[in-house]
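One structure is given here, and the rest of the page talks about it.
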Amino acid sequence: MAEAAIALDRYDVRPLSGALGAEIRGVDVSNLDAGGFAAVHALLLQYSAIALHGQENLTDDGLREFGTRWGKLDVHGYSRTVPGYEDVLLIYSDAKRRSAAEGWHSDVSWKEIPPKISMLHARQVPAVGGDTFFASQYRAYEDLSDAMKAFLDPLEAEHDGRNFDIDLIRRPATHPVVIRHPETSRKALYVNRGFTRRIPSLPAGESTAILDFLYNHCTRERYQARIHYEPGTLAMWDNRCVQHSAVPDFGDEVREMHRVAVSCDQRPSR
Numbered sequence: 108m109a110e111a112a113i114a115l116d117r118y119d120v121r122p123l124s125g126a127l128g129a130e131i132r133g134v135d136v137s138n139l140d141a142g143g144f145a146a147v148h149a150l151l152l153q154y155s156a157i158a159l160h161g162q163e164n165l166t167d168d169g170l171r172e173f174g175t176r177w178g179k180l181d182v183h184g185y186s187r188t189v190p191g192y193e194d195v196l197l198i199y200s201d202a203k204r205r206s207a208a209e210g211w212h213s214d215v216s217w218k219e220i221p222p223k224i225s226m227l228h229a230r231q232v233p234a235v236g237g238d239t240f241f242a243s244q245y246r247a248y249e250d251l252s253d254a255m256k257a258f259l260d261p262l263e264a265e266h267d268g269r270n271f272d273i274d275l276i277r278r279p280a281t282h283p284v285v286i287r288h289p290e291t292s293r294k295a296l297y298v299n300r301g302f303t304r305r306i307p308s309l310p311a312g313e314s315t316a317i318l319d320f321l322y323n324h325c326t327r328e329r330y331q332a333r334i335h336y337e338p339g340t341l342a343m344w345d346n347r348c349v350q351h352s353a354v355p356d357f358g359d360e361v362r363e364m365h366r367v368a369v370s371c372d373q374r375p376s377r
């Protein structure tokens, strides 16, 4: 912890909102010693979503190497990848091909072991726009009434990846509606409009009503922060307590991002 504190003193940290998020300068993820890594880890746990600016020299091999310091890399299996890599997604938009993950979601929550951390490296950014919104699921849970918390805590919900492959409807993953973060011990909502389909213990009408309420509640402006990319920015976020949504507001300009995700060490749990 002492090393982490010393490393933190070297960095310029600017919070992005009162709910979550920070942008950080002075970090070089390609040359991060143990103390520096501990500091970035601490900052991610504190702010849930962070923008590490100034990573213009980070290669795809370097991105993968940094990702593996956090755990095993997830292989998405259904999205376009950078040539030569099965675990580095290519998120690319131009005048002919529009690609942006618009709509609130937690990455790949339809898997039994979803990602705990996602990293998005900005390789080419538009002159304006192209940001990503983030929403704190800690804050969204904590603002619920005690009665609603007691109702939601024991429930589980099904998630599936039909957006990527219709056959995935047959292979849903079931996760608690409320999970406990394994590192911070804080509770967070774990449902999202992108992939959560139903609460199987409730009748269909009740399930839809509860999920619609949660989708609207957990992405309220009061829980949000916004990361603005510069060339080389490496955004990182904690999927165990954050949802995100890309903003496709950059017209026909090129936006190229390379993404890796780190799998959870175990299934999300209470």
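All residue numbers for the sequence shown refer to this note's numbering, where the first residue is 108 and numbers rise by one.
Just so you know, even glycine gets a beta-carbon here, dropped at the ideal spot from N, CA and C.
Compute the distance between the beta-carbons of Q350 and W211, then report whether it is under 8 angstroms. Position 243 of the sequence shown, counted from the first residue, corresponds to residue 350. Position 104 of the sequence shown, counted from the first residue, corresponds to residue 211. Yes, these two residues count as a Cβ contact at 8 angstroms.
According to DSSP, which residues form a beta bridge with M255? Taking the sequence shown and counting its residues from 1, one reaches residue 255 at position 148. In the DSSP output, where bridge partners are listed per residue, M255 has none listed.
For the alpha helix (DSSP H) that F320 lies in, which residues bound it at each end? Against the sequence shown, residue 320 aligns to sequence position 213. Residues 311-325.
Are Y336 and D238 closer than 8 angstroms when you measure CB to CB? Indexing the sequence shown from 1 puts residue 336 at position 229. Indexing the sequence shown from 1 puts residue 238 at position 131. Cβ atoms of Y336 and D238: closer than 8 angstroms.
Span separating the alpha-carbon of D372 from that of A146: Within the sequence shown, numbered from 1, the residue matching residue 372 stands at position 265. Within the sequence shown, numbered from 1, the residue matching residue 146 stands at position 39. Spanning the two alpha carbons is a distance of roughly 21 angstroms.
Assign R205 to one of three DSSP states: helix, strand, or coil. In the sequence shown, counting from the first residue as 1, residue 205 sits at position 98. Note: R205 maps to coil in three-state DSSP.
In the DSSP assignment, what are the bridge partners of E444? In the structure as shown, the chain starts at 108 and stops at 377, and residue 444 therefore has no counterpart that could be examined.
Under 8 angstroms by Cβ, that's how I've got K179 and S376 pegged, so tell me the actual separation to the nearest angstrom. Here residue 179 corresponds to residue number 72 of the sequence shown, with the count starting at 1. Here residue 376 corresponds to residue number 269 of the sequence shown, with the count starting at 1. Their Cβ separation, rounded to whole angstroms, is 18 angstroms, which puts K179 and S376 out of contact at 8 angstroms.
How many Å lie between A353 and R362 at the Cα? Within the sequence shown, the letter at position 246 stands for residue 353. Within the sequence shown, the letter at position 255 stands for residue 362. Each residue's alpha carbon lies about 12 angstroms from the other.
Residues in the same chain with beta-carbon distance under 6 angstroms from Y245, minus the five sequence neighbours each way, listed in chain order, please. Stepping through the sequence shown from its first residue, residue 245 is reached at position 138. Excluding positions up to five away in sequence, the list reads R293, A295, C348.
Buried versus exposed call for D267 [16 or more other C-beta atoms within 10 Å across all chains shown]: Position 160 of the sequence shown, counting from 1, holds the residue named residue 267. When all chains shown are included, D267 counts as buried.
Please go through the same chain and pick out, in chain order, the residues whose beta-carbon is closer than 6 angstroms to the beta-carbon of L259, but skip the five residues on each side of it. The residue given as residue 259 occupies position 152 in the sequence shown. So the qualifying residues of the chain are V284, V285.
Length of the line joining the Cα atoms of E219 and D201: Counting from 1 along the sequence shown, the entry for residue 219 is found at position 112. Counting from 1 along the sequence shown, the entry for residue 201 is found at position 94. Going from the Cα of E219 to the Cα of D201 covers about 33 angstroms.
Per DSSP, what kind of secondary structure is Y199 in: helix, strand or coil? Walking along the sequence shown from the start, residue 199 turns up at place 92. Strand.
Under 8 angstroms between C-beta atoms of F357 and P233: Looking up residue 357 in the sequence shown gives position 250. Looking up residue 233 in the sequence shown gives position 126. Going by C-beta atoms, F357 is nearer than 8 angstroms to P233.
So which of E290, L196, F173, G191 has the shortest CA-CA distance to G184? On the sequence shown, position 77 is the one that residue 184 refers to. With distances taken between Cα atoms, G184 lies closest to L196.
Going by other Cβ atoms of all chains shown within 10 Å of its Cβ, with 16 needed for buried, is N138 buried or exposed? Walking along the sequence shown from the start, residue 138 turns up at place 31. Classification of N138: exposed, given that the 10 Å Cβ count is below 16.
Would you report the Cα separation of R374 and D272, rounded to the nearest angstrom? One-based indexing of the sequence shown puts residue 374 at position 267. One-based indexing of the sequence shown puts residue 272 at position 165. Rounded to whole angstroms, R374 to D272 spans 22 angstroms at the Cα level.
Contacts around D119, its chain only, beta-carbon distance under 6 angstroms, and the 5 residues preceding and following it disregarded: For the purposes of this step, residue 119 is taken as the residue at position 12 of the sequence shown. Cβ neighbours of D119 beyond the five flanking positions: R132, G133.
Quick one: grab the DSSP three-state call for D167. To locate residue 167, count along the sequence shown from 1; it is residue 60. D167: helix per DSSP, three-state reduction.
Look at the Cβ atom of L152, then the Cβ atom of T291, and state whether they are nearer than 8 angstroms. The residue labelled residue 152 in the question sits at position 45 within the sequence shown. The residue labelled residue 291 in the question sits at position 184 within the sequence shown. Their beta carbons are under 8 angstroms apart, which means L152 touches T291 by this criterion.
Can you check which of these residues, A156, H148, D274, is closest to R333 by C-alpha distance? Here residue 333 is taken as the residue at index 226 of the sequence shown, counted from 1. Checked all of A156, H148, D274; the closest Cα to R333 is A156.
State buried or exposed for P338, treating a residue as buried only when at least 16 other CB atoms are found within 10 Å of its CB. Along the sequence shown, read from residue 1 onward, the residue named residue 338 stands at position 231. It is exposed - the Cβ of P338 has fewer than 16 other Cβ atoms within 10 Å.
State the Cα-Cα distance for the pair M364 and Y199, rounded to the nearest angstrom. The residue you call residue 364 lines up with position 257 of the sequence shown. The residue you call residue 199 lines up with position 92 of the sequence shown. Each residue's Cα considered, the two are about 6 angstroms apart.
Expressed to the nearest angstrom, what Euclidean distance is found between the alpha-carbon atoms of V189 and V367? As a first step, residue 189 must be located in the sequence shown, where it is residue number 82. As a first step, residue 367 must be located in the sequence shown, where it is residue number 260. About 11 angstroms.
Give the DSSP-derived three-state secondary structure of T340 in the structure shown. Counted from its first residue, the sequence shown places residue 340 at position 233. Note: T340 maps to coil in three-state DSSP.
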